[in-house]
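In our numbering, the protein residues as written are 1038 to 1426.
Notes for the one structure printed next.
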Amino acid sequence: MSNIHRRDFLRSSGMAIVPAMIPFSSTLANDPAKNESASPGIIKFFGDGEMFEPADYLQELNQIQGNSPIVKDRYGTGGAVEALEKKFEAITGKEKAIFMPSGTMANQLAIAVLSGSNAKVIVQETSHVFRDEADAAQSVFSKRLVPLAKNETGFTAQQLKQAIEDLKKEEVFFSGIGVVSVENPVRRADGRMVPLDEIKQISAYCRSNNIKLHLDGARIYMASAWSGIPVKEYASYFDTVYISLYKYLGASGGAILCGDKKIIDQMPHLVKIHGGNMYGNWTNAAMALHRLEGIETRLQDARKRGNEIFSGLHKIQGISIEPLENGTNIFRMKLGNNLNGKNLQENLNKQFNIRIGAPDKQNQVLLSVNETLLYRNAEYVINAFRNSL
Ligand SMILES: Cc1ncc(COP(=O)(O)O)c(C=O)c1O
């Protein structure tokens, strides 16, 4: 939500009074950000996007409607849903895109259709498909997930090749490999990326061995913003790609799945039989469509703002901030033993409307860069940290 709209809403809802009652430290007296008009929104150093509260969501939808009336879909056909699908076909360069009620369904149906009658599906051990989809592949789709690279970001092309060759030797009744699924960036590896070179080699190996390749690209925009590799290029190495609509595109849920027409054309029937065919989907589709406009620029702005903030925080005694290897928008803040991380978290929240996660046993906190960092200038945030210690 633009600051202007957020401020208007907060003022009219009376919420702008709340921060005015909070005593700012006197050392902030010369802070230019202090003079910004009231309450530009909560800065959240976790998550990948703004994750709108209901009032903000409605405000944003109202603005979209004001610019051009939203056209509703019917069971995912027509209106904002169709417009969103067209947009994603252009973004990913795939023949066809389809709105899905969830990323879990997008992953599962893509894997099921791509693998056909082959049961084996190779995944990262850390992937959402392996760890966080309630064994749907095994229990609903009769697939056997073969996890590689335990606790790692991903497997290399060499490890993949070796695993497939080993399976051939180890099993008497060898059945084919249905699909290889790659998650990038990896949520359980704190947003670390599978290197592009590895993706290229995995893709080349799969194509030359007639193995289909699926991308769980829930956060592919984060990978793209930090690696500089366009979403379309990432998509080009895969047969299907899923992208989340709610993690950083503002929607309250939903996913998009893109691929060849002959694959995507099988989806509406499968979505229906799994109970995912919802009558109206336009609230999510209209929001994501709107938030796609300028997403790359906003993420680059957030990235720059994050860098400014982190280099300022780095200068505070006892604080150091470091990027993760092959990382995206998640950074590690280390606090010296003499600093009370819990107090920092509480003071930032209560006095400055800034949220960070709780420090761990090593007094470290992971900080995520997202669009909420754009609500205030870097100086405000740096001073807030300094005065919260
Ligand atoms: C990497 C990844 N894939 C898939 C999903 C599933 O998305 P959904 O919540 O829409 O089912 C998530 C959600 O957390 C995720 O992080």
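Each residue gets a CB set at the ideal place from its N, CA and C atoms; glycine is no exception.
It is roughly 40 Å from the alpha-carbon of Gly-1394 to the alpha-carbon of Ile-1201. Comparing C-alpha distances from Tyr-1112 to each of Pro-1360, Pro-1305, Gly-1355 shows the shortest one belongs to Pro-1305. Taking the Cα of Ile-1101 as reference, the smallest distance to any Cα among Ile-1079, Arg-1335, Ile-1346, Ala-1288 is reached at Ala-1288. The three-state reading of DSSP puts Thr-1141 in helix, counting H, G and I together. In the three-state reduction of the DSSP assignment, Val-1108 falls in the coil class.
In the DSSP assignment, Tyr-1242 falls within the unbroken alpha helix (DSSP H) covering 1233-1245. Within its own chain, the residues whose Cβ lies closer than 7 Å to the Cβ of Ala-1174, once the five positions on either side in sequence are excluded, are Gln-1145, Ile-1148, Val-1158, Val-1166, Lys-1180, Leu-1182, listed in chain order. By the neighbour-count criterion, in which 16 or more other beta carbons inside 10 Å mark a residue as buried, Tyr-1271 falls on the buried side. DSSP lists Arg-1369 as the bridge partner or partners of Glu-1359.
Listed in chain order, the non-local C-beta contacts of Tyr-1258 below 7 Å within the same chain comprise Val-1268, Tyr-1285, Ile-1332, Leu-1336, local neighbours out to five positions each way being set aside. In the DSSP assignment, Asp-1338 falls within the alpha helix (DSSP H) that extends over 1332-1351. The Cβ-Cβ distance between Ala-1260 and Thr-1141 does not fall below 7 Å. By the criterion of a C-beta distance shorter than 7 Å, Ile-1107 is surrounded in its chain by Ile-1101, Ala-1117, Trp-1319, Ala-1323, once the five residues flanking it on both sides are discounted. Closer than 6 Å to some heavy atom of ligand 1: that does not describe the Cβ of Asp-1227. Its chain contains Ile-1101 as the residues whose beta carbon lies nearer than 6 Å to that of His-1327, once the 5 sequence neighbours on both sides are disregarded; these appear in chain order. Counting only residues of its own chain and dropping the five nearest sequence neighbours on each side, Asp-1302 has a CB closer than 8 Å to the CB of Lys-1133. The C-alpha of Thr-1334 lies about 21 Å from the C-alpha of Lys-1123. In the three-state scheme derived from DSSP, where H, G and I count as helix and E and B as strand, Ser-1405 is classed as strand. In this structure, Glu-1220 has its CB closer than 6 Å to one or more heavy atoms of ligand 1.
Relative to the non-hydrogen atoms of ligand 1, the Cβ of Thr-1141 comes within a distance shorter than 6 Å of at least one. Of the heavy atoms belonging to ligand 1, at least one sits nearer than 6 Å to the Cβ of Arg-1224. Taking 6 Å as the cut-off, the C-beta of His-1165 counts as close to a heavy atom of ligand 1. Relative to ligand 1, the beta carbon of Ala-1322 is positioned no closer than 6 Å to any heavy atom. Ranked by Cα distance from Val-1160, the options Ile-1300, Ser-1139, Gly-1191, Leu-1151 are led by Gly-1191.
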